[in-house]
Amino acid sequence: MSSPIARRLWPALLLALLVGACDREPPKHWMTDTKVPFVDYGLFWMDNDRLLFQRMEYDAKRADKDNPWAAFTFPLTVWSDSGEKTLATSDLTKPCYAGGMISYRVEPDGEEGTFFFGKPGAMAETPLSAEEEGQVFNPFTCGFEKRPEGLDEHILVPLRPGDGIVNLGRRRTADPGRLMTPDGQAIPLPFSQGNVKPEGISVDGDSYLVFARTKRGAECRHVWRLVPGKGAVEEICLPEMKSSRVVKTALGWALDKREYDRDGGIGDSGIFLVPPGGDPIKLAAGFTENLAVSPNGCRLAFGQAKDLNTSCMDGTYKQKTVKVIDLCGLKGEILAGE
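Next comes the structure, spelled out in structure tokens:
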């Protein structure tokens with residue numbers, strides 16, 4: 158835990174670090190462009206080489222003057238350095254990948270939706286209503302599981318099998334968070350729905366990282382380590398950059414800084430690396446989405462465009478593509494300016 162003196166020094170220290178980081182623009186060659194148009198519906202590393210996401214394609218046959226988006230399709234795609242492969246072409250939503258399993262939903266207008274779950278090439282189909290009723294979605298298995306009795310109004314995040322469930326409390330309340338273990342314990346947690354979103358929990362080895370919500374005016378952004386069966390303690394407090402994603406990499410913490418305004422300006426937005434004990438380093442500039450890190454911590458992937466002007470109808474959707482940064486391969490260059 159940080160000391161009272163350290164906590165008082167944080168605001169001035171973070172300001173100094175951020176000002177220093179803003180003066181340096183990253184070399185263009187740090188960022189590799191896959192040239193695959195990307196839509197913000199999720200991006201996952203299947204292993205250290207393969208990415209799973211929905212690409213964006215224009216289909217003139219589907220054009221509709223009353224609904225411009227009708228002309229676009231979003232095939233589920235696996236990309237690697239050797240090329241890309243399409244896994245599914247239906248109008249799917251909410252793709253998930255974890256532990257070799259994939260799931261997604263297909264919900265045609267006016268029809269009951271279908272839940273697809275399984276390994277690539279062997280997906281089982283189930284009515285979506287049958288999966289959702291009395292169950293809760295597990296982002297670490299990509300499937301549904303039975304909701305514990307008496308917790309219908311609670312925000313629950315099931316963990317990996319045997320690790321229990323994070324209970325963030327009843328909706329729109331100040332209920333404290335609890336780790337519900339398989340043996341019936343309810344371990345108090347230092348966070349709740351007031352400062353943590355369900356998607357702010359991610360796997361890190363045998364434990365989990367829990368990221369606080371972004372908060373205007375906050376001195377820093379808290380990160381906790383959650384250990385199954387034991388609870389959570391603070392891991393670090395990172396610079397508050399209005400980030401939607403924070404990930405732990407082989408070189409430190411990576412964040413997607415957001416400085417967007419109503420006029421479309423993006424300020425100093427981009428991807429930043431916070432190495433242990435060092436100043437933040439800007440890795441990529443522009444409008445970024447869905448930051449993800451490979452299992453070995455060496456490769457970052459994200460959707461990126463130079464600005465917010467991607468109107469789609471004039472072909473600018475092709476500007477937002479999936480980009481990759483090889484942190485381990487560029488380690489010497491990236492850390493040289495610390």
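Quick note: the sequence shown uses our numbering, first residue 158, plus one each step.
All C-beta atoms, glycine included, are put in the ideal place defined by N, C-alpha and C.
Using a C-beta cut-off of 8 Å, the stretch 254-265 makes contact with the stretch 196-214, since at least three inter-stretch Cβ pairs fall below that distance.
If you ignore the 5 residues before and after V360, its C-beta comes within less than 7 Å of the C-beta of F297, all in its own chain and listed in chain order. A straight-line Cα-Cα distance of about 28 Å links G334 and E446. Residue environment for K276: exposed (fewer than 16 other C-beta atoms within 10 angstroms of its C-beta).
Across the structure, V479 and L465 are spaced so that their CA atoms are roughly 15 Å apart. A449 sits in a strand when the DSSP states are folded into three classes. About 19 Å separates the beta carbons of R415 and K405, which is beyond the 8 Å limit, so they are not a contact pair. Given a length threshold of 3 residues, each whole run of the beta strand (DSSP E) inside the stretch 220-265 is given here in chain order: 233-237, 240-245, 249-255 and 258-263.
For G300, there is no enclosing alpha helix (DSSP H); the enclosing beta strand (DSSP E) covers residues G300 to K303. The beta carbons of M213 and Y417 sit no closer together than 7 Å. By alpha-carbon distance to M188, the top candidate from A441, W381, P396 and R219 is A441. Under the 8 Å Cβ criterion, the stretch 323-339 does not count as touching the stretch 263-273, having fewer than three qualifying pairs.
Here the stretch 383-396 makes contact with the stretch 345-355; the two share three or more CB pairs at distances below 8 Å. By DSSP's assignment, P194 forms a beta bridge with T478.
In this structure the stretch 375-382 does not touch the stretch 447-458; the number of beta carbon pairs closer than 8 Å is below three. Contact between V450 and A411 holds, with the beta-carbon distance rounding to 7 Å and staying under 8 Å. Under the three-state reduction of DSSP, E268 is assigned to coil, being neither helix nor strand.
Minimum Cα-Cα distance from G300 among the listed residues V367, D309 and P318 corresponds to P318. Beta-bridge annotation (DSSP): D363 is not paired with any residue. Note on geometry: alpha-carbon atoms of T271 and R262 lie some 6 Å from one another.
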